[in-house]
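Undergrad: Residues 0 to 115 in numbering that gives the first Met the number 0 are what the sequence shown lists, from first letter to last.
The beta-carbon is built from N, C-alpha and C at its ideal position, and this holds for glycine as well.
Just dropping this structure here.
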Amino acid sequence: MNLIMTILVITVALSTILAIVSFWLPQMNPDAEKLSPYECGFDPLGSARLPFSLRFFLVAILFLLFDLEIALLLPLPWGDQLHNPTGTFFWATTVLVLLTLGLIYEWTQGGLEWAE
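What follows is the structure, given as structure tokens:
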């Protein structure tokens, strides 16, 4: 118990010292150059907003969907140790079939085509 209290006291003391020193050290000298946004060396002449391609968004959503599918199906090899492995494999197969049907639908609708 003595070792734990020593480690706790050292940790609290060190974090307190670092917090106090961090308030003393910074020298705030803001000027116009530091407060202006960095624009890669040129003056901005218009809106910084550019149109975002919806195809990138669609591919990102599909990637997240199938990445989540893989993350959920990774523990499947250990599913035979459960009380009802048949049910586990049935639901995993159902999820896999539904996501495959969704991918086929997206493919046939042209959602994965980049060129028109």
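(1) Distance check for residue 3 and residue 25, CA to CA, integer angstroms please.
(2) Just list the alpha helix (DSSP H) runs in the stretch 83-111, keeping only unbroken ones of 4 residues or longer that don't cross its boundaries, in chain order.
(3) List the endpoints of the continuous alpha helix (DSSP H) containing residue 0.
(4) Which residue wins for smallest C-alpha separation from residue 62, given the options 84, 5, 96 and 111?
(5) If you measure between the beta carbons of residue 100 and residue 68, is that distance less than 8 Å?
(6) Starting from residue 66, follow the alpha helix (DSSP H) in both directions and report where the run begins and ends.
(7) What does the alpha-carbon distance come out to for the pair residue 49 and residue 76?
(8) Quick one: grab the DSSP three-state call for residue 21.
(9) Note down the Cα distance separating residue 85 from residue 72, rounded to an integer number of angstroms.
(10) Output yes or no for whether 8 Å exceeds the beta carbon distance between residue 113 and residue 54.
TA: Quick answer:
(1) 34 Å
(2) 84-107
(3) Unbroken run through residue 0: none, as it is neither H nor E.
(4) Comparing Cα positions, the closest option is 111.
(5) With contacts defined by Cβ atoms closer than 8 Å, residue 100 and residue 68 do not form a contacting pair.
(6) 53-72
(7) 46 Å
(8) helix
(9) 15 Å
(10) yes
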